Structure formats: C-alpha cells, structure tokens
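Chemist: Residue numbers for the sequence shown follow our numbering, so the first one is -6 and each next one is one higher. Ideal placement from N, C-alpha and C gives every residue a C-beta, glycine not left out. Please read all numbers here as calculations on a predicted model, not as lab measurements.
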Amino acid sequence: MRVFHVGEAYDLGASAVALGNFDGLHLAHREIIRKCVEYAAKNGLRSGILLFENHTGTVTAHTELKVLTTLPEKLELLQDMGLDFAAVIPFDESFRHMEPEGFIDFLQGRLAMRAASVGYDYSFGYRAQGDVRLLQKLAAEKRFHVIETPAVRYEGTIVSSTLVRDLLVQGNVREANALLGRPYKLSGTVDAGLQNGRKMGLPTANLSFDRQKLLPGDGVYKGRTYIRGAGHLSLINVGKNPTFRAKKRTVESFILDFDEDIYDAGITIAFDEKIRDEIRFENQDQLKKQIHQDINQVKGAI
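Here it is, written out as structure tokens:
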C-alpha cells in the first residue's frame, strides 16, 4: 500500500476511495474498506482510502478528542486490507469550510475518484451538510458510483466508534475488542515512573504513551505486553494509584515471569478484560496482597 500526502505529485489512475474518519478501524470500517477493494478489483480501478492527519472532531468541536487509533496505527492496520493507496491530508479550518460539492470536486481532481465507499451514516462538507442521499445525487451529476455499507451489527448492536469509546471508558474492553475485531492497544516507551511497584518487589513497566489516545476506564486489567514482537501475559493498571495518592493517570504493566531491563524500550500493551476497579488501600502490604491475588486470577484465566 502506497502512502502519500495529498498535494504531492502522483499519478494513480482512476480510483475507488473509502471515505470516513475511520477512528478505530472497527468491524464496520473494515466492511466499508472490503467493499471498496472488491469494487475496484471488479471495475479496473485503484483502491484507496482518504485519511485525515487529525480527527475531524478536534476542529469542528474545537476540543481535544481522544482517539482510538492514531494515524500511524491506522496505516499499520491498513497494510493487510488490500488497498492500493492511502492518501493523507490535514483536516484544518480551510478544509472544514469546504462545501459538500467542493469536497467531491477535490476528490475527483486529486484522487481521480470514480467510486466512493461509505457507511450508511456518512456525512461530509461544511457543518456535515452532506449525507449519503446528497452523495448519491452528486454521483449522478458528476458520474461516479457510491458504494453504501448498511449498519454493521454485532450481537444486535450497531458497531460505531462512539460505542467503542463508551465501552472502553466503562472498562468493558472485552466487548470493545469484539467490535474492533482485535484487542485495544496502547504503544509507547517505558519510563521510570514513581518506582512504587519496584519498592514492593513488583516492578512495573510505566508506559509513556501518546496523550491523544483514549485510555480505558480506571481499573486493573488482564492483557499482554509486547516487547520486541513477543507477547507476555500481564497485569495492567490504569488510573491514579489511589493508595499512593498520585495526581495523574498512568498506565503500568506488571509483566508475569519476566525480569529484564526495558527502560526506554518501545512496548505495546494489549487489553483483554477488566479484573477489578482501582482500590485505595490503607497500606502497601494490603495492596501487595491484592496484587498477588490479581496475578493468580490472571494466571488462572489462561
């Protein structure tokens, strides 16, 4: 898959383009992309996706929106989805004010778009004035095809990025993972942290992560920590460590049966399921006892 920034010199030829925010690249997004690739193959087109460098919500709502997938994560996940290209563009104020018809003209001019693959609830243009109905109207006028994907459901529930976010905030990573089609992950480097775990004989990897990423709700989780490609069973804490009265939320992973120096190393933490809420203990001995119980629970869940 070729990756380029819109504005670079390129010659793609006629293309089918998947459109949307694609935050999370969940099951519904994958279906939109699958249909794009399928249509392109049947009609002699290049298949591609338009990605924004930042989530549109950060500009339209003028607020910091926590994302499920950063741009690098999206590009990595897209590598095995069969697309020929990913076109990247910043979503800024000038782009936000683009009218729906102007947006389509942009796509046809820059990406030679001959087909647009979208979800049933797709919106586009200034203040989201455009919807699938308008897209169909413009398609008839400007001679391109619309591939509309109806709502994708998981166990009767419509899959959406908003739902995935809500589930993660609630700590329901098991169900969020089902909608994503993979475990939710955080990547970053290991920093020294406060060393509280090490002082108790339970050293943890304190993750320095991209702050634009959404954190699961506070609590203790079972998961895996990936180091140099190898996954290790882990007990993961998300929150403020109430026993130590910490002031900011952190992510720490106690990696079972692992004893290596990984400070400054790049790691990825994958969440499987929540074990319990964070608890404030009266002393470190009580906390240590609970952590050992958590470890036994994680081992027993294998």
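Just the C-alpha distance for Leu280 and Phe274, rounded to the nearest angstrom, thanks.
Modeler: Spanning the two alpha carbons is a distance of roughly 6 angstroms.
Chemist: Which of helix, strand or coil does DSSP assign to His138?
Modeler: His138: strand per DSSP, three-state reduction.
Chemist: In its own chain, which residues sit with a C-beta less than 7 angstroms from the C-beta of Tyr119, not counting the 5 before and 5 after it?
Modeler: Hits under 7 angstroms: Arg89, His90, Met91, Glu92.
Chemist: Considering Cα atoms alone, identify which of Gly216, Pro65, Asp77, Gly13 is closest to Tyr32.
Modeler: Closest option to Tyr32, Cα to Cα, is Asp77.
Chemist: Assign Lys241 to one of three DSSP states: helix, strand, or coil.
Modeler: Coil.
Chemist: Is it the case that the Cβ atoms of Ala185 and Tyr177 are separated by a distance below 8 angstroms?
Modeler: Going by C-beta atoms, Ala185 is not nearer than 8 angstroms to Tyr177.
Chemist: For Arg265, tell me which candidate among Leu249, Val213, Glu271, Gly232 has the shortest Cα-Cα distance.
Modeler: First, the residue type needs correcting, since residue 265 is Asp and not Arg in the sequence shown. The shortest C-alpha separation from Asp265 is found at Val213.
Chemist: At what residues does the beta strand (DSSP E) containing Ser227 begin and finish?
Modeler: Residues 223 to 232.
Chemist: Classify Gln101 as buried or exposed, calling it buried when 16 or more other Cβ atoms lie within 10 Å of its own Cβ.
Modeler: Buried: at least 16 other Cβ atoms inside 10 Å.
Chemist: Confirm, please, whether the CB-CB distance from Gly174 to Gly13 is below 8 angstroms.
Modeler: Going by C-beta atoms, Gly13 is not nearer than 8 angstroms to Gly174.
Chemist: Thinking C-beta only, is Val183 closer than 8 angstroms to Ala258?
Modeler: Contact flag set, yes.
Chemist: How would you call Lys282, buried or exposed, if buried means at least 16 neighbouring beta carbons within 10 angstroms?
Modeler: Exposed, by the Cβ-count rule.
Chemist: From the DSSP output, read off the bridge partner residues of Glu1.
Modeler: Answer by DSSP bridge pairing, in chain order: Val(-1).
Chemist: Is Val10 closer than 8 angstroms to Pro43 when the C-beta atoms are compared?
Modeler: Before going on, a small fix: residue 43 reads as Leu here, not Pro. Yes, Cβ-Cβ distance for Leu43 and Val10 is below 8 angstroms.
Chemist: Under three-state DSSP, which class holds Thr197?
Modeler: Thr197 falls in the coil class under three-state DSSP.
Chemist: What does the Cβ neighbour count give for Asp85, buried or exposed, with the cut at 16 atoms within 10 Å?
Modeler: So Asp85 ends up on the exposed side.
Chemist: Can you give me the C-alpha to C-alpha distance between His19 and Ser110, rounded to a whole angstrom?
Modeler: Answer to the nearest angstrom: the Cα atoms are 15 angstroms apart.
Chemist: Measuring straight from C-alpha to C-alpha, what distance separates Ala314 and Leu5?
Modeler: Beyond the ends of the chain as shown, which are -6 and 295, falls residue 314; an answer cannot be given.
Chemist: Drop a sphere of 10 angstroms on the beta-carbon of Asp16, count the other beta-carbons inside from all chains shown, and report buried for 16 or more, exposed for fewer.
Modeler: Buried, by the Cβ-count rule.
Chemist: Verify whether the separation of the beta carbon atoms of Lys130 and Ile97 is less than 8 angstroms.
Modeler: No.
Chemist: Taking the CB atoms as reference points, tell me whether Ile284 and Lys215 lie closer together than 8 angstroms.
Modeler: No, the Cβ-Cβ distance between Ile284 and Lys215 is not below 8 angstroms.
Chemist: Under three-state DSSP, which class holds Arg273?
Modeler: If DSSP states are grouped into helix, strand and coil, Arg273 belongs with coil.
Chemist: With 16 as the cutoff for other CB atoms within 10 Å, does Glu245 come out buried or exposed?
Modeler: Glu245 is buried by the Cβ-count criterion.
Chemist: Nearest to Val81 by alpha carbon, out of Ile248, Ile151, Asp73, Met(-6)?
Modeler: If we check each option's Cα against that of Val81, Met(-6) comes out closest.
Chemist: Is DSSP giving Leu179 helix, strand or coil here?
Modeler: If DSSP states are grouped into helix, strand and coil, Leu179 belongs with the strands.
Chemist: Beta strand (DSSP E) containing Arg107: first to last residue?
Modeler: Arg107 -> beta strand (DSSP E) spans 106 to 112.
Chemist: Let me know the secondary structure DSSP gives Gly95 once reduced to three states.
Modeler: Looking at Gly95 - three-state DSSP - the assignment turns out to be helix.
Chemist: Along the chain, where does the alpha helix (DSSP H) that runs through Ser87 open and close?
Modeler: Segment 86 to 89, the alpha helix (DSSP H) holding Ser87.
Chemist: Note down, in chain order, each residue of its chain lying with its Cβ closer than 8 angstroms to the Cβ of Glu46, except the 5 sequence neighbours on either side.
Modeler: Excluding sequence neighbours, Glu46 sits near Leu64, Val81, Ile82, Pro83, Phe84.
Chemist: Would Tyr115 be called buried (16 or more neighbouring beta carbons within 10 Å of its own) or exposed?
Modeler: Buried.
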